[in-house]
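Participant:
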Amino acid sequence: MVRAAPMAPPPPVPVQVQRVADLENLRPNRGNNFYQLPHLDFPQFSGENPLEWARKCKKVFEIYKTHEDQKVALASVYFDRWPDIWFEGWKVGRREWLWEEFVVSLCNRFTD
-1 MVRAAPMAPP PPVPVQVQRV ADLENLRPNR GNNFYQLPHL DFPQFSGENP
49 LEWARKCKKV FEIYKTHEDQ KVALASVYFD RWPDIWFEGW KVGRREWLWE
99 EFVVSLCNRF TD
């Protein structure tokens, strides 16, 4: 009995990734509904005025239509040292990171 050589699995299907820069360059006059959003700097958080910082974040989230489950993770990227250390402890054991709950905890920790 002659054994056939095992067949190799088919190559993976290439995934098409749309770069953010490509999306930002789309214009309504090109026949689609996309437009370029203005560049906004996300506010850095050093531990002072947490409520003011959260309000600024909320404005950015509204302009960019940020999905609810991305808000806390995105905002935490802009933490300076002490808020970042606090955040590492805050997120332990949490299944969901809800923005409103996060802001309450942040204000409790960083309000004088």
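Following our numbering, the numbering of the sequence shown begins with -1 at its first residue and continues without gaps.
Glycine included, every Cβ here is placed at the ideal spot set by N, Cα and C.
Every value quoted in this text rests on a predicted model; they were computed, and no experiment measured them.
Leaving out five residues on either side along the sequence, give the residues of the same chain with a beta carbon under 6 angstroms from the beta carbon of Leu38.
Facilitator: These residues qualify, in order along the chain: Val58.
Participant: Are the beta-carbon atoms belonging to Tyr76 and Pro41 less than 9 angstroms from one another?
Facilitator: Yes, they are a contact pair.
Participant: Is Lys89 buried or exposed, if buried means 16 or more other CB atoms sit within 10 Å of its CB?
Facilitator: Label assigned to Lys89: exposed.
Participant: If you drop the 5 nearest sequence neighbours on each side, which residues of the same chain put their C-beta closer than 7 angstroms to that of Trp84?
Facilitator: So the list reads Arg107, once near-sequence residues are dropped.
Participant: Start and end of the alpha helix (DSSP H) containing Leu35?
Facilitator: Note, Leu35: premise wrong, no alpha helix (DSSP H); not H, not E.
Participant: I think Lys69 touches Trp97, with their Cβ atoms under 8 angstroms apart; what is that distance to the nearest whole Å?
Facilitator: That pair is a contact at about 4 angstroms.
Participant: Look at the Cβ atom of Trp80, then the Cβ atom of Ser44, and state whether they are nearer than 9 angstroms.
Facilitator: A contact, by the Cβ cut-off of 9 angstroms.
Participant: Using three-state DSSP, classify Phe43 as helix, strand or coil.
Facilitator: Strand at Phe43.
Participant: In chain order, what residues of the same chain have a beta carbon less than 6 angstroms from the beta carbon of Cys55, not counting five sequence neighbours either side?
Facilitator: Excluding positions up to five away in sequence, the list reads Ala73.
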